[in-house]
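To start, the structure itself, in structure tokens.
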Amino acid sequence: MTQAASTLLVTGASRGIGAATALLAAQRGWNVAVNYTSNAAAAEDVAAQVRALGRLAITAQADVADETAVRAMFARIDAEMPPLGGLVNNAGIVGMKARLDEMESARWRRLLDVNVFGSLLCAQLALLRMSTRHGGQGGAIVNLSSMAATLGSPAMYVDYAATKGAIDSFTIGLARELAGEGIRVNAIRPGIIDTDIHTASGEPDRAQTAAGMIPMKRAGTASEVAHAIVWLLSDEASYTTGTIFDVSGGR
Ligand code: NAP
Numbered sequence: 028m029t030q031a032a033s034t035l036l037v038t039g040a041s042r043g044i045g046a047a048t049a050l051l052a053a054q055r056g057w058n059v060a061v062n063y064t065s066n067a068a069a070a071e072d073v074a075a076q077v078r079a080l081g082r083l084a085i086t087a088q089a090d091v092a093d094e095t096a097v098r099a100m101f102a103r104i105d106a107e108m109p110p111l112g113g114l115v116n117n118a119g120i121v122g123m124k125a126r127l128d129e130m131e132s133a134r135w136r137r138l139l140d141v142n143v144f145g146s147l148l149c150a151q152l153a154l155l156r157m158s159t160r161h162g163g164q165g166g167a168i169v170n171l172s173s174m175a176a177t178l179g180s181p182a183m184y185v186d187y188a189a190t191k192g193a194i195d196s197f198t199i200g201l202a203r204e205l206a207g208e209g210i211r212v213n214a215i216r217p218g219i220i221d222t223d224i225h226t227a228s229g230e231p232d233r234a235q236t237a238a239g240m241i242p243m244k245r246a247g248t249a250s251e252v253a254h255a256i257v258w259l260l261s262d263e264a265s266y267t268t269g270t271i272f273d274v275s276g277g278r
């Protein structure tokens, strides 16, 4: 299926990397389903920008950890949009900066539910629509991992790092599982990117304060990550699957 005819679902697309990905993908011909949890106005603004580029867009409220809501979101995409041809598993959360001995266990469940369960569930529902084994016409999945998966994020958020390590393993396995069914699966490991996510870890200025430990001496932008994601979705990456692609300024 050509991109121009198909739909891309971007989870967590109301701001940050997800919003930048939705807009760049629309420029490259994708119709876009803009998922979000709480900020309907921001999601609607992203969808309006997609439509202004001449593409179709819907906003779809769903917590990716809520299976009922996610199933309803996919049903809406089926009913209101061209067939699904791509998924970006972008929705993700961090917890407050802490050592493991300072953390409440409840946060681990929430992190696993959103970052891991949500990605597995969306990938399953997407592949059931895209896999040639299930009558689909193929597609591409890009998962958002993190450099935290390799660095471990000690005294910061080892729990978050562990969820992203799971995403790396999942990407490799699913890529091999689906390689003969027309679906490529890849991941991006962003380094420190200048978005709002750092507010949730109690370090809203992290993009500035951490710049010195990045070889390029600056944080990345959401747009720089989006360019890598959209390339992996495109036919230009037709022989690339199971790859985990660092976008981290050399870190
Ligand atoms: P962000 O600015 O905090 O944006 C998060 C987006 O996800 C928002 O659109 C938010 O929607 C949505 N969201 C949050 N929880 C959700 C849920 N349970 N279900 C559905 N949507 C949800 O994040 P970001 O910095 O762009 O990060 C995007 C991805 O890149 C994440 O997976 C993150 O782990 C990864 N990453 C980021 C960095 C970085 O430095 N920024 C580095 C490495 C990896 P609402 O606005 O409606 O709440």
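So for the sequence shown, our numbering puts the first residue at 28; every next one is plus one.
Note that CB positions come from ideal geometry on N, CA and C, so glycine has one too.
Asked	Found
Here's the rule: buried if 16 or more other CB atoms are within 10 angstroms of the residue's CB, otherwise exposed. What is Ala182?	exposed
Rounded to whole angstroms, what's the CA-CA distance from Asp221 to Ala67? Just pull it up for me.	22 angstroms
Enumerated in chain order, which unbroken segments of the alpha helix (DSSP H) with a length of 4 residues or greater are wholly contained in the region 160-215?	175-178, 185-205
For Ile210 and Ser33, I'd like the C-alpha separation in whole angstroms.	14 angstroms
Any heavy atom of ligand 1 closer than 8 angstroms to the CB of Asp90?	yes
For ligand 1, I want to know if Ser41 counts as a neighbour, meaning its beta carbon is within less than 8 angstroms of at least one of the ligand's heavy atoms.	yes
Does DSSP put Asn117 in a helix, in a strand, or in coil?	coil
Of the residues Ser261, Thr270, Ala249, which one's Cα is nearest the Cα of Ile44?	Ala249
Going by the CB atoms, is the gap between Arg42 and Ala69 shorter than 9 angstroms?	yes
Applying the criterion that 16 or more other CB atoms from any shown protein chain within 10 Å of the CB defines a buried residue, is Ala106 buried or exposed?	exposed
By a C-beta neighbour count over all protein chains shown, 10 Å radius and 16 as the cutoff for buried, is Asp90 buried or exposed?	buried
CB Ala167 to CB Ser275, shorter than 9 angstroms?	no
Based on the DSSP secondary-structure assignment, which residues constitute the bridge partners of Thr48?	DSSP output for Thr48 lists no bridge partner at all.
Determine the burial state of Gly277: buried for a count of at least 16 other Cβ atoms within 10 Å of its Cβ, exposed for fewer.	exposed
Could you tell me whether the region 190-203 touches the region 235-242, using the rule of 3 or more Cβ pairs below 8 angstroms?	no
Less than 6 angstroms between C-beta atoms, sequence neighbours within five positions excluded: which residues of the same chain meet that for Gly192?	Ala176
By how many angstroms is the C-alpha of Ala40 removed from the C-alpha of Ala118?	8 angstroms
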